[in-house]
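**Q** In this note's numbering, the protein residues as written are 64 to 377.
C-beta atoms are modelled at their ideal positions from N, C-alpha and C, and glycine is treated no differently.
#1: By Cβ distance below 7 Å, which residues in the same chain neighbour residue 303 in space, the five residues on each side in sequence not counted?
#2: Where in the region 190 to 233 do unbroken runs of the alpha helix (DSSP H), each at least 4 residues long, occur, reported from the N-terminal end onward?
#3: What's the gap between the Cα of residue 265 and the Cα of residue 271?
#4: Between the region 329 to 338 and the region 243 to 260, do three or more beta carbon pairs fall short of 8 Å?
#5: Please identify the residue among 89, 84, 94 and 251 whose C-alpha is closest to the C-alpha of residue 364.
#6: Since residue 334 is in the beta strand (DSSP E), which residue starts that stretch and which ends it?
#7: Check whether the Cβ atoms of residue 208 and residue 197 lie closer than 8 Å to each other.
#8: For residue 65, does the three-state DSSP call read helix, strand or coil?
#9: Do residue 159 and residue 126 come within 8 Å of each other at the CB atom, strictly closer than that value?
#10: Please name the residue, chosen from 357, 323 and 290, that lies closest to residue 300 on a Cα-to-Cα basis.
#11: Within 8 Å of any Cβ in chain B, is that where the Cβ of residue 305 sits?
#12: Where does residue 359 sit, in a helix, a strand or coil, going by DSSP?
#13: Just verifying my parser: in three-state terms, what is the DSSP assignment at residue 323?
#14: Assuming residue 175 and residue 189 are in contact, meaning their beta carbons sit under 8 Å apart, how far apart are those beta carbons, in whole angstroms?
#15: From 88, 121, 112 and 85, pick the residue whose C-alpha is nearest to that of residue 102; which is it?
#16: Could you compute how far the alpha carbon of residue 143 sits from the alpha carbon of residue 123?
#17: Alpha carbon to alpha carbon, how far is residue 375 from residue 133?
#18: Out of 224, 222 and 249, point me to the one whose CA is closest to residue 235's CA.
#19: Measuring straight from C-alpha to C-alpha, what distance separates residue 219 and residue 231?
#20: In three-state terms, what does DSSP make of residue 186?
#21: Nearest to residue 92 by alpha carbon, out of 84, 85 and 106?
#22: Looking only at C-alpha atoms, which of 251, 310, 89 and 84 sits nearest to residue 285?
#23: If you count every other CB in all the chains shown that lies within 10 Å of the CB of residue 275, and 16 or more means buried, which is it?
#24: Quick one: what does DSSP say residue 142 is sitting in, helix, strand or coil?
#25: By DSSP, does residue 286 sit in helix, in strand, or in coil?
#26: Just list the residues that DSSP pairs residue 347 with in beta bridges.
#27: When DSSP labels each residue in this structure, what does residue 291 get in the three-state scheme?
Structure, rendered in structure tokens:
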């Protein structure tokens, strides 16, 4: 009995350590989850698993959520409405109340990866069908297509966008100003997988992105000018969708065993099946240490590429 008790204590301690990196402060992550049977946006405590459904929209798909700079609102994409093939941008209070549609894009449009300027005046987002970076104000006015690009994310000072663009050898990491001018490549290495979903650190000093490493995709980090390129993960899987914590000390990211989106038939099948353990959330320190699966989210995450977004200031 003493041996069994010791084993149970050891197992319990190991499980507790596996929840999140040591010293992780109290926070909420915005994630997409299939725990209700639909793809919904939840605010989740990564330490305890306490979760709140913010979208509560059966029979539609809600994806790519992002907090406002003050944490009082969230934006997300949704195909709610009569046309299930069109994903527009929506906004709601942080508790999910007062949902409003911000964009009225053409049929078949797909909005993804919204990011706010630090002053809260604009929300930048990507439209997948045309590979356009666009922006809109939180009240739905001021819509503008800014420039061509993929996976754009606005810098904390609101002056720059980091994005991906196809070159002669694949996709690389680029920056341009928020008017779509002064484009320059900061990570010259290009690959078929490319610099997926680049994101700024809160102080604007670093860029994290998903890049090809052999047959896999790993999380990389570099300085804003592209120098100091460092591979942070070595999981030999498809690691993607990084997001920095507000203090810049941690990075959340998503991990899957297979780049299912390369095959349209397999992608559609995967989305329809809604496997809850196919692309869980991981956390690590910003230097790549203590990378681990967030166990409380292991069996409830959706398959889309949404970041696990950290609540500002928490």
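**A** In short, the structure shows the following:
#1: Along the chain shown, read from residue 1 onward, the residue named residue 303 stands at position 240. Cβ neighbours of residue 303 beyond the five flanking positions: 259, 260, 273, 280, 316, 317 and 368.
#2: none
#3: Residue mapping note: residue 265 aligns to position 202 of the chain shown, counting from 1. Residue mapping note: residue 271 aligns to position 208 of the chain shown, counting from 1. Cα to Cα, residue 265 sits roughly 11 Å from residue 271.
#4: no
#5: Numbered from its first residue, the chain shown carries residue 364 at position 301. Selected option, being the one with the closest Cα: 94.
#6: Here the question's residue 334 lines up with position 271 in the chain shown. Where residue 334 is concerned, there is no enclosing beta strand (DSSP E), although the alpha helix (DSSP H) it sits in stretches over 327 to 336.
#7: Along the chain shown, one-based indexing puts residue 208 at 145. Along the chain shown, one-based indexing puts residue 197 at 134. Taking 8 Å as the Cβ cut-off, residue 208 and residue 197 qualify as a contacting pair.
#8: Looking up residue 65 in the chain shown gives position 2. Confidence in residue 65 is poor, its pLDDT being 39 and thus under 50, which makes the residue's placement unreliable; the coordinate value appears in the next sentence. Residue 65: helix per DSSP, three-state reduction.
#9: Taking the first residue of the chain shown as position 1, residue 126 is located at position 63. Taking the first residue of the chain shown as position 1, residue 159 is located at position 96. For residue 126 and residue 159, no; Cβs fall outside 8 Å.
#10: Here residue 300 corresponds to residue number 237 of the chain shown, with the count starting at 1. Among 357, 323 and 290, the Cα nearest to that of residue 300 belongs to 323.
#11: Absent from the structure: chain B. Only one protein chain is present.
#12: Here residue 359 refers to the residue found at position 296 when the chain shown is read from its first residue. Of the three classes helix, strand and coil, the one that applies to residue 359 here is helix, per DSSP.
#13: The residue you call residue 323 lines up with position 260 of the chain shown. Assigned with DSSP and collapsed to three states, residue 323 falls in helix.
#14: As a first step, residue 175 is located in the chain shown; it is residue number 112 there, counting from the start. As a first step, residue 189 is located in the chain shown; it is residue number 126 there, counting from the start. Confirmed, Cβ separation roughly 5 Å.
#15: Here the question's residue 102 lines up with position 39 in the chain shown. Taking only the C-alpha atoms, the option nearest residue 102 is 121.
#16: Start at 1 with the first residue of the chain shown, and residue 143 comes out as number 80. Start at 1 with the first residue of the chain shown, and residue 123 comes out as number 60. About 5 Å.
#17: The residue you call residue 375 lines up with position 312 of the chain shown. The residue you call residue 133 lines up with position 70 of the chain shown. One alpha carbon belongs to residue 375, the other to residue 133, and they sit about 6 Å apart.
#18: Against the chain shown, residue 235 aligns to sequence position 172. It is 249 whose Cα lies nearest to the Cα of residue 235.
#19: For this step, residue 219 is matched to residue 156 along the chain shown. For this step, residue 231 is matched to residue 168 along the chain shown. Answer to the nearest angstrom: the Cα atoms are 30 Å apart.
#20: Within the chain shown, residue 186 is the residue found at index 123, counting from 1. Assignment of residue 186 by DSSP, reduced to helix, strand and coil, places it in the strand class.
#21: As a first step, residue 92 must be located in the chain shown, where it is residue number 29. When each option's Cα is compared against that of residue 92, the closest is 106.
#22: Residue 285 sits at position 222 when you count from the first residue of the chain shown. The option with the nearest alpha carbon to residue 285 is 251.
#23: Looking up residue 275 in the chain shown gives position 212. Residue 275 should be labelled buried.
#24: Taking the chain shown and counting its residues from 1, the one referred to as residue 142 is at position 79. Assigned with DSSP and collapsed to three states, residue 142 falls in coil, not helix or strand.
#25: Within the chain shown, residue 286 is the residue found at index 223, counting from 1. Reduced to three states, the DSSP call for residue 286 is strand.
#26: Within the chain shown, residue 347 is the residue found at index 284, counting from 1. BP columns for residue 347 point to 314.
#27: Locating residue 291 in the chain shown gives position 228, counting from the first residue. In the structure shown, residue 291 sits in coil (DSSP, three-state: anything other than H, G, I, E or B).
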